[in-house]
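As they're listed, the protein sequences go chains G and E.
Take the first sequence: its position 51, counted from the start at 1, is 51 in my numbering, and no numbers get skipped.
Take the second sequence: its position 225, counted from the start at 1, is 499 in my numbering, and no numbers get skipped.
From the three backbone atoms N, C-alpha and C, an ideal C-beta is built for every residue, glycine too.
Notes to accompany the following structure.
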Amino acid sequence: MTAVAVAAPRRSTLTRSAGLGLGVAMLWFSLLVLIPLLAIIVTASQGGWPAFWAAITNEQTAAAIRLTVMHAFLVTAVNVVMGTVIAWVLVRDRFWGRSVLEVLIDIPFALPTIVAGLVLLALYGSDGPFGISVANRSSAVFLAFLFVTLPFVVRAVQPVLEEIEVEVEEAAVSLGASRFTVLRRIILPSLAPAIIAGATLSFARAMGEYGSLVLLSGNLPFQTEVTSVRMLGSIENDNLPGAAAIAAVLLVIALAVIVTLDVVQRKVSGRGRG
Amino acid sequence: MVAYLFLLVAWPVSLVAINTFADGPGVLLGVLADPDIIVALRLTVVVALVAVLVNTVFGVGVSLLLVRYEFPGKRVLSALIDLPLSVSPVVVGLALVLVYGGRSGWFGPALEGAGVQVIFATPGIILATAFVALPLVIREVVPVLEEIGTEQEQAARSLGAGAVQTFRRITLPAIKWGVVYGVVLSLARSLGEFGAVKVVSGNISGSTRTATLVVEEQYLNFNQPGAYAVAFLLAMVSVACIVVVAAIRPRGNR
Numbered sequence: 001m002t003a004v005a006v007a008a009p010r011r012s013t014l015t016r017s018a019g020l021g022l023g024v025a026m027l028w029f030s031l032l033v034l035i036p037l038l039a040i041i042v043t044a045s046q047g048g049w050p051a052f053w054a055a056i057t058n059e060q061t062a063a064a065i066r067l068t069v070m071h072a073f074l075v076t077a078v079n080v081v082m083g084t085v086i087a088w089v090l091v092r093d094r095f096w097g098r099s100v101l102e103v104l105i106d107i108p109f110a111l112p113t114i115v116a117g118l119v120l121l122a123l124y125g126s127d128g129p130f131g132i133s134v135a136n137r138s139s140a141v142f143l144a145f146l147f148v149t150l151p152f153v154v155r156a157v158q159p160v161l162e163e164i165e166v167e168v169e170e171a172a173v174s175l176g177a178s179r180f181t182v183l184r185r186i187i188l189p190s191l192a193p194a195i196i197a198g199a200t201l202s203f204a205r206a207m208g209e210y211g212s213l214v215l216l217s218g219n220l221p222f223q224t225e226v227t228s229v230r231m232l233g234s235i236e237n238d239n240l241p242g243a244a245a246i247a248a249v250l251l252v253i254a255l256a257v258i259v260t261l262d263v264v265q266r267k268v269s270g271r272g273r274g
Numbered sequence: 275m276v277a278y279l280f281l282l283v284a285w286p287v288s289l290v291a292i293n294t295f296a297d298g299p300g301v302l303l304g305v306l307a308d309p310d311i312i313v314a315l316r317l318t319v320v321v322a323l324v325a326v327l328v329n330t331v332f333g334v335g336v337s338l339l340l341v342r343y344e345f346p347g348k349r350v351l352s353a354l355i356d357l358p359l360s361v362s363p364v365v366v367g368l369a370l371v372l373v374y375g376g377r378s379g380w381f382g383p384a385l386e387g388a389g390v391q392v393i394f395a396t397p398g399i400i401l402a403t404a405f406v407a408l409p410l411v412i413r414e415v416v417p418v419l420e421e422i423g424t425e426q427e428q429a430a431r432s433l434g435a436g437a438v439q440t441f442r443r444i445t446l447p448a449i450k451w452g453v454v455y456g457v458v459l460s461l462a463r464s465l466g467e468f469g470a471v472k473v474v475s476g477n478i479s480g481s482t483r484t485a486t487l488v489v490e491e492q493y494l495n496f497n498q499p500g501a502y503a504v505a506f507l508l509a510m511v512s513v514a515c516i517v518v519v520a521a522i523r524p525r526g527n528r
């Protein structure tokens, strides 16, 4: 979707059949995505600002939002470092088993989230081989987030790293730059947009995560309850406006994420879209 | 780094297989003999296939529109397409309930008056699944379309080929691997959707409970072997999808 690469004059080049196709596509997209998401905003704002504010500052809800935001930030920070390192190793080093690692990176993306929760529970739950248990603790939230967000930074950084020319680095070294200077002045600046894109996606994913931690975290109010679980609780109690208020907050974050991506994608070419 | 990936991904995932077969293959066969679980597995497959089909047609069409045409609002559309990737599955479920819910949804009562139940029925599960997997085909096909350019298409058109013929003979073969890649990713995502489906399906055993919901239900009912067995089936499919993608990738972009 790096479609608008050139700032061409905005005029429609649609043929009649393409216009028809666009109409059908927009109708489906609206029915499936836009109208339902609009319904969330409308439902959340039905009681006016005071009702919305009361719903999201409800003690239990606010605690859930705080917990989720905090862990989403922590996990994103870990991903920025580990994701970049993993991408670096996958691109620059040739070693046996590299293709296995490639597959491993994508597993969290494809594995059903409930299965992810189950497997993490098997290893880090109370019956796990380590004898440590994250079950029913907030570290369970961290662990689940870490698992499901693993691929984002790696997959965003990898294609960009592949295109950086080693010659530039060699030239810098031959001119007397230290490895640290090369990293700071040459590599990191060119990777920055991709890292930001990956970090943004990873943050968004963590903010909305549900399936992988529902078995793991115990969903204890004020302790391990995240926003998605809180929302589902409201839905099950038939408190749709309350759920919609939390959903609206998540939706605003999701919109901020795609705006960030849209800005960043202009700096990252081709497949570097995370 | 290898240790990090091993502890975070490889070891936990391998435990699904180990735990499933810890007591021999009996548990897996027992699960496959449970009629409610069979219904759930069949529902999951049907829903995933329909959602993938819809998303593939929509995805290829929208990719063509985004890459080959200029129209007002294109940049907004291109950005909004990515929205399902960053929205929580529970938000997706809630959004669909608010619009298609039979009791108080915007369109729900009218649809039920016409005899179509969406929420707590298969159509709702399909909508939720299609929603969460929506951008995956587009994200794979758009870069390929941009890379191949329009020269061959223009040549075909100038030699008298129609729009359909040009698409079928020139464009489609060129973007084939991008489409396959997107389809495989969509399939994995569709088979495994949990949160959104949980909200819209009603989770009725033997009717609207999907495979991922079975995993949760079995686990919560202290039937861990059953949970692992179904999880194993799901994990097998998703790992197979990833391996297929890894195998075809070198022909494409990497």
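- Around the beta carbon of Asp356/E, 16 or more other beta carbons sit within 10 angstroms, so the residue counts as buried.
- Considering only Arg349/E, Ala284/E, Gln439/E and Arg483/E, the residue with the shortest C-alpha distance to Pro309/E is Arg483/E.
- Within the segment 333-398 of chain E, the complete alpha helix (DSSP H) segments of 4 residues or longer fall at 348-354, 357-360, 363-374 and 382-387, listed in chain order.
- The beta carbon of Gly208/G sits closer than 8 Å to the beta carbons of Thr227, Ser228, Leu250 and Ala254 from its chain, once the five residues preceding and following it are set aside; these are given in chain order.
- Assigned with DSSP and collapsed to three states, Ser133/G falls in coil, not helix or strand.
- For the alpha helix (DSSP H) assignment, the uninterrupted runs of no fewer than 4 residues enclosed by the segment 173-223 of chain G are, from N- to C-terminal side, 179-182, 188-208 and 211-214.
- Inter-segment contact for the segment 502-521 of chain E and the segment 255-266 of chain G is absent: fewer than three beta-carbon pairs are separated by less than 8 Å.
- Counting along the chain, the unbroken alpha helix (DSSP H) around Ser45/G starts and ends at Ile35 to Ser45.
- Phe145/G is outside the set of residues whose beta carbon lies under 8 Å from a beta carbon in chain E.
- If you ignore the 5 residues before and after Ala435/E, its C-beta comes within less than 6 Å of no other C-beta in its own chain.
- A straight line joining the alpha-carbon of Val148/G with that of Trp88/G spans about 20 Å.
- In this structure, Val328/E sits away from Leu419/E, with a CB-CB distance that is not shorter than 8 Å.
- Taking 8 Å as the cut-off, the beta carbon of Val119/G is found closer than this to the beta carbon of Val290/E.
- Burial state of Ala55/G is buried, judged by a 10 Å Cβ sphere holding 16 or more other Cβ atoms.
- Distance from the CA of Pro417/E to the CA of Val157/G, rounded to the nearest whole angstrom, comes to 16 Å.
- Secondary structure at Asp93/G: coil, using DSSP grouped into helix, strand and coil.
- Taking 8 Å as the cut-off, the beta carbon of Gly456/E is found closer than this to the beta carbon of Gly333/E.
- When C-beta atoms of the segment 74-81 of chain G are compared with those of the segment 177-186 of chain G, fewer than three pairs fall below 8 Å, so the two segments do not count as touching.
- Asn293/E: member of the alpha helix (DSSP H) spanning Trp285 to Thr294, first to last residue.
- When Cβ-Cβ separations below 8 Å define contact, Leu232/G makes contact with chain E.
- Residue state for Ala521/E is assigned as helix, using DSSP reduced to three classes.
- Contact between Glu490/E and Leu215/G holds, with the beta-carbon distance rounding to 7 Å and staying under 8 Å.
- With a contact defined as Cβ atoms closer than 8 Å, Ser362/E and Ala110/G miss out at about 19 Å.
- Of the other Cβ atoms in all chains shown, 16 or more fall within 10 Å of the Cβ of Ser212/G; this residue is therefore buried.
- Per DSSP, the unbroken alpha helix (DSSP H) holding Ile258/G starts and ends at Leu240 to Gln265.
- The beta carbon of Val321/E sits closer than 6 Å to those of Ile399, Ile400 and Thr403, all from its chain and outside the five residues before and after it, given in chain order.
- Legend: CB atoms of the segment 103-127 of chain G lying less than 7 Å from CB atoms of chain E belong to residues Val103, Leu104, Asp106, Ile107, Pro108, Ala110, Leu111, Pro112, Thr113, Ile114, Val115, Leu118, Val119, Leu120, Ala122 and Leu123.
- The beta-carbon separation of Ser337/E and Leu410/E, rounded to 12 Å, does not stay under the 8 Å limit for a contact.
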